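Remarks on the structure that follows.
If you want it as structure tokens, here you go:
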């Protein structure tokens, strides 16, 4: 109603009261008339019943049925009389006229005057009146006279009952006629009122509409517009006011235009001068932008151009180091390699900074073990810290889960930068890394890292200059310690990209603490690390001021029962009451520790307790205290190294790793690889063979079930989408086999969406791994699910994870192909040849299934080809297949045509490129460059 026009408002205001009054009065009169008609019918029925009862008195008394029947028939002649019943005093029917009375009642029986009973039915009104013997006229047989025998009212005798029924059909008809008449009168009155209201509203709204249109024209700049209204009174006054206002605005507009022209003439000279200056500024700005663009292009081009020969220098220096060289030549080669790596790190920092400035930094989200990452960084920094006499410490809170989700490489880059700076600027003392959670929820966790050193520290002014590109806290630092000053600004950007923050707390000449937080996801799908030391009793002997909390917590987390002895007397008391399976003797460079070490070793020897020496300061100044042949671990160490040595000195190398997962592995495990793609299967079998495990292979789900029935299998690597029997169906069949229900089954799938991953776990598979899978990932999976620690040294190559980040428009990447083939050229060639051989057939199948709209077969073909493409170094086709598979699985039909065209186009591009290029030579050259 708020948006109604004036005309509609006038019509509404004029018609609403009339409509309401008409409806109220009409309903009132109709209801009244209806009630009157009903009352009139009831009164007639009562009156007729009163008349009928005395009339029937003689006939009832004498029992003359003929008289009663005549009376009843005569009553039917009366208007609206439908039926008549006459009863005796026992309610026996004496006479009846008319149709059978309606028995259905509406309401209860109403008693009227003189004991009359009124009964209302859906179609009639019945009145029952008593028949009394009161004024009976009797003939005198002797005198032929008639006289009335009157009885007192109290002595009147009930002779019977007279019941009459009147139809209400005429009453209803009269009621409907009255309602129709009233409705017609109301409608006619409303129509007349509407016509009058419309004429009145038009006479009011038309002038107002004309005034409104005139105002709109004036607002649009048509100052000559005027309003002409034929009406008089207020509307005429309003029109005159609008015309006056338009005239005033027109005059003001003319004056305004004149003032503007005058101002323009006065400022024209100033504007001309400003234009000249602006032109000069614009030209200078364009030159600056062009210079900056040229600088960026030059930087990027030079960085890539430098990386190419540097990789060649590193590769061939490694090859040369494997040849026969003298000691001096070997030192020269190490210097060349170190210098090349330093220069390569600088170039990488520059490229990272360029990505950050361009906003093209993309973070991965993969599952990884945080302790392994921290230990890996500490291991890398260990040689430099040992040479500088710096102790490396670490503490990882036991509240940190085994596996988290995030960008492992970027987190490693942050820790490497901060720990490297801590070691660089610490002449003596220690560097400590603390890791602990500050918020732990159901799906994610917030983790804080503290990197603390006892180095030169910084002043507040120096701290303010941190986190700036190409700057350091003190300009003299670059000359003394080296470095570009990019590490901290890159670390800050990476931390912020992980939804965290970084801060520094430093005191000059005392030390510095860098603290940063990150947000990471929780990996609920990967099972926790097995408690491989569940049966171990270990005594930790350490009398230093800094208790080895991290080592103790690590051993406890892996299942060991650990007793810590800080004093010699404690160790002797423990040996009396607690016989450990092994002892860890922590040794530092304290001069007063020599006697303690002798006593500890003697007590271990007396009690036949195997022991190992832990050199906490990373030095071997006290190594002469340790008997020859004693296992030695130098801090920082990895958990795998510590567990491996403990199992060796206790003779439990092949003990149970995880009782809930697999029986004890006394020999190398047997791994079954299942994949219907020949190239994928060959690659997985090759990688597993290099890890030293026994490998079985199956090309289908049926073959996998048959193999498990006849062979003892430790773990299964299962492809999911296979013809005939899928991986999930094969897993279900294997779970039903006697004695095979607990075999770990790991899904290998080319493309697993988030809901598919949950479905795989729900379907009975223990874990999943997205293709392409590396040898390092296979080694971790085998250790996690079987406890067998593989030897991954044979599979290590210099093909990093960055090889997979090639541009998705690249048709073929020899670097990616060699990475997935674990650096084996022959394997990469064989897999690519098998792909090319099947490409024509697969392309024809894709086109056929697309034309016949067989989406299930199309998805199966796309998935199979996608799995093969992930191992062959073809980023463009792989990306197109992944996009098409995602669209098919999500049933986004609108994306099907474009995805289909993309896939067929990339297959054609790959076929043409293969015929025009010597890809085998490219693989050989890449292998030589990274050897």
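Numbering (the working numbering), first residue to last: 1405 to 2335. All C-beta atoms, glycine included, are put in the ideal place defined by N, C-alpha and C. Predicted model, so just to flag it, every value in this text is computed and none were measured.
Cutting at 8 Å between CB atoms, please list the residues of its own chain near residue i, excluding the five before and the five after it.
i            : result
residue 1842 : 1850, 1851, 1852, 1921
residue 2054 : 1940, 1985, 1986, 2014
residue 2130 : 2105, 2124
residue 1621 : 1629
How about residue i and residue j: do their beta carbons lie closer than 8 Å?
i            : j            : result
residue 2087 : residue 2221 : no
residue 2094 : residue 2226 : yes
residue 1954 : residue 1783 : no
residue 1426 : residue 1590 : yes
residue 2047 : residue 2017 : no
residue 1937 : residue 1963 : yes
residue 1867 : residue 1911 : no
residue 2091 : residue 2179 : yes
residue 1805 : residue 1958 : no
residue 1631 : residue 1618 : yes
residue 2073 : residue 2192 : yes
residue 1924 : residue 1848 : yes
residue 2243 : residue 2254 : no
residue 1461 : residue 1562 : no
residue 1616 : residue 1415 : no
residue 2174 : residue 2183 : no
residue 1735 : residue 1929 : no
Output the distance between the C-alpha atoms of residue i and residue j, rounded to the nearest integer angstrom.
i            : j            : result
residue 1625 : residue 1639 : 24 Å
residue 1838 : residue 2266 : 47 Å
residue 2111 : residue 1808 : 35 Å
residue 2045 : residue 1865 : 43 Å
residue 1446 : residue 1567 : 14 Å
residue 2360 : residue 1746 : Since the first and last residues shown for the chain are 1405 and 2335, residue 2360 lies out of range.
residue 1466 : residue 1576 : 40 Å
residue 2042 : residue 1779 : 6 Å
residue 2106 : residue 1741 : 52 Å
residue 1677 : residue 1694 : 26 Å
residue 1483 : residue 1560 : 31 Å
residue 1803 : residue 1830 : 30 Å
residue 1643 : residue 2298 : 59 Å
residue 1474 : residue 1585 : 41 Å
residue 1801 : residue 1758 : 35 Å
residue 1777 : residue 1771 : 12 Å
residue 1456 : residue 1583 : 34 Å
residue 2361 : residue 1666 : Past the boundaries of the shown model lies residue 2361; the chain is included only from 1405 to 2335, so the question cannot be answered.
residue 2316 : residue 1869 : 55 Å
Near residue i, which residues of its chain fall below 6 Å by C-beta distance, leaving aside the five closest residues on each side in sequence?
i            : result
residue 2169 : 2135, 2149, 2151
residue 1535 : 1457, 1460, 1461, 1464, 1563, 1564, 1566
Going by CA-CA distance only, name the one from the options that's closest to residue i.
i            : options                : result
residue 1514 : 1525, 1505, 1506, 1687 : 1525
residue 1822 : 1896, 1795, 2133       : 1896
residue 1411 : 2297, 1792, 1750, 1612 : 1612
residue 2296 : 2283, 2259, 1581       : 2259
residue 1532 : 1507, 1502, 1450       : 1450
residue 1756 : 1890, 1573, 2319       : 1890
residue 1748 : 1776, 1718, 2164       : 1718
residue 2285 : 2277, 1681, 2298, 2271 : 2271
residue 2275 : 1854, 2233, 2250       : 2233
residue 1933 : 2185, 1945, 2075       : 2185
residue 2007 : 2126, 2019, 1989       : 1989
residue 1968 : 1944, 1977, 2177       : 1944
residue 2113 : 1892, 2138, 2126       : 2138
residue 1811 : 1791, 1824, 1768       : 1768
residue 1752 : 1956, 1817, 1790, 1580 : 1817
residue 1435 : 1481, 1580, 1490       : 1580
residue 1627 : 1530, 1844, 1657       : 1657
Counting only C-beta atoms, is residue i closer than 8 Å to chain C at any point?
i            : result
residue 1936 : No chain C appears in the structure shown, which is made up of a single protein chain.
Once you ignore the five residues that flank residue i on each side, which residues in its own chain have a CB closer than 7 Å to its CB?
i            : result
residue 1469 : 1498, 1499
residue 2330 : 2218, 2219, 2222
residue 2099 : 2075, 2077, 2089, 2092, 2093
* At 3 residues or longer, and completely inside the stretch 1732-1791: list those beta strand (DSSP E) runs for me, N to C. => 1770-1773
* Asked: What are the uninterrupted segments assigned as beta strand (DSSP E) that are 3 or more residues long and contained completely in the stretch 1429-1504, given in chain order?
  -> 1485-1492, 1497-1501
* To do: Note down, one range per segment and in chain order, each alpha helix (DSSP H) of at least 4 residues found wholly within the stretch 2207-2260.
  => 2218-2224, 2229-2255
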